[in-house]
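Working notes, beginning with the structure itself.
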Amino acid sequence: MRFEPTDLFRLLPELVLALSGIVVMVADPFLGRRSKQPLGVLALVGTLLALAATLVQAGYTGLGFSRMLSVDYFSLFLHFLVLTVTALTILASFRYLDREEIHYGEYYALLLFATIGMGLMVASNELVLIFLGLETSSIATYILAGFRRGVLKSNEAAMKYFLLGSFATAFLLYGIALMFGSTGSTFLPEIRAALVAQQANLTLAWMAIALLFVGLAFKVATVPFQIWTPDVYEGAPAPVTAFLSVGPKAAAFAAFLRIFFVALEPAIDKWFWLIWVSAVLTMFVGNLAALVQSNVKRMLAYSSIAHAGYILIAFAAGSRFGIAAVLFYLVAYALMKLGAFSVVAYVAGPGEERQGIENYAGLSSREPLVAACFSVFLFSLIGVPLTGGFFGKFYIFRAALEEGSSWLVWLVVFGAINTAISIYYYLRVVIAMYFREARQEAPATPLPTSLAFVLTLAALGTVYLGLLPNSLLRFATESARALH
Amino acid sequence: MEMLQHNWLSLVLFLPLLGAGVILFLPSRAYERIRRVALATSVLTFALSLPLLFWFDSSHAGMQFSVFHPWITAPDLVSNYHIGIDGLSLFLLLLTTFLTSLAALCSWPIVQRVKWFFVALLVLETGMLGVFVALDLVLFFVFWEVMLVPMYFIIGLWGHERRIYAAIKFIIYTMAGSALMLVAIIWLRKLSGTFDLLLIARLLESRVLVLQPGQEQLLFLAFFLAFAIKVPLFPFHTWLPDAHVEAPTAGSVILAGVLLKMGTYGLLRFCLPLFPNATKEFLPWIAALAIISIIYGALVSLVQPDAKKLVAYSSVSHMGFVVLGILALNVIGIEGAIYQMVNHGVSTGGLFLIVGMLYDRRQTHMIREFGGLATPLPILSSFFMLVVLSSLGLPLLNNFVGEFLILVGVFQVSVVKAALAAVGVVLATWYLLWMYQRVIFGKLTNEANRNLPDASRRELAILVSLAVMIVWFGIASPMFTRRMEATTKRILYQVESPYYEWAARPTSPPVHLEEPQP
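If you want it as structure tokens, here you go:
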């Protein structure tokens with residue numbers, strides 16, 4: 001292994017994040033037991049610097065660290081996404097932590113460490129590094145999920161997430177080991193070469209694929225590996241839920257794509273069915289379960305599952321368009337879901353007591369801005385035009401239909417049916433906010449500026465993607481080229 | 001001026017949105033100013049759309065006043081801002097701008113969230129106009145769906161008692177119905193390589209693109225479902241009575257006047273030209289549904305104790321007529337259908353407006369609450385009479401022309417269908433006149449009605465504009481049918497030629513189709 005100085009630039013965002021994380025940890029004791037908002041500002045600055053570092057990194061595309069790290073458009077695309085998600089999560093957490101009296105500086109440090117893990121996941125060219133990235137981000141998020149220490153549900157969430165998560169990563173690790181046994185390498189291109197040349201032990205390789213699939217499917221929460229999702233999302237602090245539902249999910253999808261397209265693409269006939277069945281089940285289970293929820297946070301958790309199902313449609317397309325569609329959807333999805341959970345964080349109030357749909361009654365007259373932004377997110381989640389969600393779905397459907405196999409056509413038809421189902425439960429919230437009067441006057445909590453900023457930004461981004469999807473779509477297509 | 005004329009259609013399309021933007025910046029308490037800006041915007045839009053009628057070249061079958069800009073230019077996925085009008089959309093455009101002006105004017109009694117009401121109304125207008133002018137399938141779908149959102153809020157926020165139920169039913173029906181249309185649009189893109197409607201039509205006509213039999217049927221059904229729900233045809237009509245009755249007057253006017261036309265517009269714009277074989281294959285079934293709609297809608301109207309519900313169900317009946325006219329697949333039937341779309345918009349819109357005026361006075365739609373209104377409301381009653389007579393098809397008024405053309409067209413293909421449809425006309429006369437009689441004539445028995453004020457100046461403005469349209473369309477029909485003729489013939493050519501008669505007619509298409517600019 002030879003070290004080259006330019007490799008440091010290839011890792012620059014992660015280095016910046018690590019440094020900021022350490023600074024946050026060191027500065028924490030000096031603030032004592034009071035609001036840790038200054039640390040939040042510090043973490044935010046660190047994240048923004050990491051974003052800038054990603055721009056620097058863009059000048060050093062190519063393989064680094066003995067081909068373990070691959071800086072390409074794909075990794076850059078996801079770096080931008082993941083870092084933006086982290087920045088918005090930090091902003092959304094400012095007042096939340098004060099309100100919940102969570103005065104622990106590690107919160108911000110953990111967010112940064114989780115982001116490092118995600119950064120590694122999306123850029124690694126090698127299975128072990130992917131595993132390391134996944135574990136780094138997972139361990140940080142296990143702790144984050146339990147950050148409402150006094151709340152039983154939050155503890156349960158952390159515990160559940162940790163136990164099931166470890167179990168799933170074990171599957172992943174086992175898959176990596178078998179893959180190594182079968183093909184003699186953990187580098188993605190070499191695995192591919194071995195599969196193409198039929199040098200691998202194929203039985204072992206199929207088992208490895210199945211195990212890798214299980215491990216990754218757990219992280220992106222697709223049926224039947226979604227069992228943990230509703231409870232964890234409901235119990236975790238709302239900003240963490242927002243983070244979990246978009247950040248790690250996007251990173252896991254990225255790793256999923258990279259492994260399955262760079263390394264396992266020769267075996268697409270085999271894994272196509274895994275993805276296909278999983279997509280159908282995920283969409284139907286997610287949407288049908290969301291239909292009967294009266295707790296908005298839980299409803300959004302099920303809707304996250306459903307959306308993973310839509311993304312799998314594009315995955316199943318198995319083409320460059322498919323990858324581009326996944327990437328585009330991840331961005332649109334990140335904006336709307338982050339925004340939606342931030343609204344939940346605000347409306348739920350102290351102790352996150354008010355999560356029921358009845359608490360949203362009359363929100364439009366109490367807080368017009370929140371209600372308007374939430375409506376944008378909800379319409380986008382349905383996929384109404386002029387929102388990012390519409391074009392996201394549009395590109396997904398298109399990617400699948402373009403390939404033309406009738407199985408994919410059916411997948412799209414199921415997607416359309418599920419969209420129709422989802423209209424009902426998303427609009428129930430709109431109805432509560434606009435058409436119903438508040439039953440009892442909820443104590444007025446002023447909307448924090450930081451949160452208002454997050455909501456406005458996410459809503460504007462959602463509408464922008466719905467009006468002018470051009471530039472992002474080009475970037476996504478360019479990024480997809482890196483894999484396929 | 002040249003520049004302005006080239007972009008005239010864009011101007012008409014986005015002017016309402018501009019007005020909505022202006023209203024956003026007005027203080028929400030400035031009711032009077034908000035109303036005036038909204039009214040001025042909608043009237044100006046109508047005024048700007050009128051020249052299109054006179055500039056329209058009736059010898060030209062293709063699109064006119066086209067505007068073309070690239071919109072999505074991502075690799076392999078090109079969708080353009082391509083709009084234009086022909087002899088079909090011209091009239092629906094005019095109808096929309098006309099009815100939105102009236103809808104703005106009739107909404108003075110609204111006092112809750114006035115600002116947002118008018119913003120929604122104007123956004124809705126742009127959405128509806130967009131549906132009629134869009135020539136790119138993605139653009140069309142965007143307008144088609146986006147338009148539902150303001151309508152949903154109009155029903156849900158400013159409607160009557162069961163508004164929430166009606167709003168959700170409305171949006172779920174219409175959105176779910178179009179989900180498969182989106183799939184069909186993308187599939188059509190895969191087969192043809194473009195989202196441009198005119199280009200797809202040309203590819204089909206020149207046999208460069210041939211849809212396989214199974215494909216064509218599936219595509220047809222996906223589009224048809226979305227349109228059948230909008231029209232609405234018989235088994236898909238259940239959202240209509242709820243939405244129309246619970247919506248505020250302006251909402252009902254727009255729903256009945258414009259939204260329903262989108263279904264029949266879609267049939268003429270997409271189903272017939274793109275999927276002619278499937279159209280013919282399913283024709284008997286659709287015609288049966290149309291006839292059921294005509295008779296069922298009329299029979300239900302007959303027994304309604306609620307005047308607004310009566311008008312709502314009469315729409316089901318009248319729209320069945322339009323569909324039947326389209327399915328005649330001859331020039332006279334389709335011209336009649338286009339004509340009748342406009343007429344139904346004006347007349348039924350007028351009925352909703354007048355029922356709304358009565359509601360503003362008495363807060364009820366029940367027929368038995370009224371009676372003998374001719375005494376306190378002589379002016380209103382006379383205009384009511386005119387609108388009722390127009391709606392039941394009295395000669396020299398607008399509906400007569402449309403219904404007559406449709407019946408002649410249908411008669412040419414099937415005497416039985418024409419005879420069954422004519423039953424609808426008879427029933428319409430019955431339920432409308434009976435309703436009028438119970439509301440206006442007789443002794444004034446209910447004391448609450450004794451001192452009702454007659455039409456105000458604002459209401460008079462509405463009534464007179466309606467009367468002008470009713471009479472104008474009743475006596476000046478050649479002025480309009482002339483402009484429909486080339487387009488109608490082109491649609492029929494598209495239905496007849498590409499598959500069946502191609503071998504017999506190898507020459508180039510006789511009508512000119514405009515090339516979309518690169």
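One line per chain: the protein sequences are A and B, in this order. Here my numbering is used: the first residue of the first sequence is 1, the next is one more, and so on. Here my numbering is used: the first residue of the second sequence is 1, the next is one more, and so on. Even for Gly, the Cβ is constructed at its ideal location relative to N, Cα and C. Predicted model, so just to flag it, every value in this text is computed and none were measured.
- Beta-bridge partners of GLU126(A) (DSSP): PHE187(A).
- By the neighbour-count definition (other C-beta atoms within 10 Å, threshold 16), THR84(A) is a buried residue.
- Across the segment 116-149 of chain B, CB contacts with chain A closer than 9 Å involve VAL138, PHE141, VAL142, PHE143, TRP144, GLU145, VAL146, LEU148 and VAL149, in sequence order along the chain.
- Measuring C-alpha to C-alpha distances from PRO469(A) to each of THR73(B), TYR359(B), PHE65(B) and VAL12(B) identifies THR73(B) as the nearest.
- Its Cα nearest to that of LYS190(B), the residue LEU77(B) stands out among LEU157(B), PRO16(B), LYS417(B) and LEU77(B).
- Scanning its chain for C-beta atoms nearer than 7 Å, with the 5 sequence neighbours on each side dropped, one finds around VAL384(A) the residues PHE390, in chain order.
- Straight across, the Cα-Cα distance linking SER192(B) with LEU451(A) is about 46 Å.
- With a cut-off of 8 Å on Cβ pairs, the segment 34-49 of chain B is in contact with the segment 16-24 of chain B, counting three or more such pairs.
- Leaving aside the five residues that flank ALA27(A) on each side, the residues in its chain whose CB is nearer than 8 Å to its CB run, in chain order, PRO38, LEU39, LEU42 and GLY105.
- Membership of PRO213(B) in the alpha helix (DSSP H) is indicated by the continuous run 213-230.
- PHE284(A) sits in a helix when the DSSP states are folded into three classes.
- For a cut-off of 8 Å, the C-beta gap from GLY175(A) to GLY215(A) is around 6 Å, short enough to register as a contact.
- As DSSP reads the structure, MET366(B) sits in a beta bridge with ASP306(B).
- Put simply, the CB of TRP187(B) is near chain A, with a gap under 8 Å to one of its CB atoms.
- Distance from PRO305(B) to ARG368(B) at the Cβ level is roughly 6 Å; contact confirmed, criterion being Cβ atoms closer than 8 Å.
- If you ignore the 5 residues before and after PHE225(A), its C-beta comes within less than 6 Å of the C-beta of ALA217 and PHE218, all in its own chain and listed in chain order.
- Under the 10 Å beta carbon count, ASP242(B) is surrounded by 16 or more other beta carbons and is classified as buried.
- By the C-beta criterion, the segment 78-95 of chain A is judged to be in contact with the segment 333-351 of chain A, since at least 3 inter-stretch pairs fall below 8 Å.
- By the neighbour-count criterion, in which a residue is buried when 16 or more other Cβ atoms sit within 10 angstroms of its Cβ, TRP276(A) is buried.
- The beta carbon of TYR426(A) is closer than 7 Å to those of LEU378, LEU381 and ILE382 in its chain, skipping five residues each way along the sequence.
- For ASN470(A), the enclosing alpha helix (DSSP H) covers residues 470-481.
- The beta carbon of SER390(B) sits closer than 6 Å to the beta carbons of SER347, LEU397, ASN398, ASN399 and ILE470 from its chain, once the five residues preceding and following it are set aside; these are given in chain order.
- With distances taken between CA atoms, LEU93(B) lies nearest to GLY127(B) out of GLY127(B), ALA247(B) and PRO273(B).
- Here ARG29(B) is exposed. Its C-beta has fewer than 16 other C-beta atoms within 10 Å.
- For VAL12(B) and LEU95(B), the gap between their C-alpha atoms comes out near 13 Å.
- The DSSP-derived three-state label of HIS237(B) is coil.
- When PHE453(A), LEU212(A) and TRP273(A) are compared, the shortest CA-CA separation from GLY318(A) is found for TRP273(A).
- A straight line joining the alpha-carbon of PRO189(A) with that of LEU137(B) spans about 41 Å.
- Around the beta-carbon of ILE227(A), fewer than 16 other beta-carbon atoms lie within 10 Å, marking it exposed.
- Under the Cβ distance rule, ILE229(B) does not count among the residues neighbouring chain A, no pair being separated by less than 8 Å.
- Of the residues assessed, HIS82(B) falls on the buried side of the cut-off, its CB having 16 or more other CB atoms within 10 angstroms.
- Sorting TRP407(A), SER375(A) and SER406(A) by C-alpha distance to the C-alpha of PHE435(A) places SER375(A) at the top.
- Distance between ARG113(B) and PRO27(B), taken at the CA atoms: about 11 Å.
- At a cut-off of 8 Å, the C-beta of ALA74(B) has a neighbouring C-beta in chain A.
- The DSSP-derived three-state label of TRP228(A) is coil.
- Across the structure, LEU288(A) and VAL430(A) are spaced so that their CA atoms are roughly 19 Å apart.
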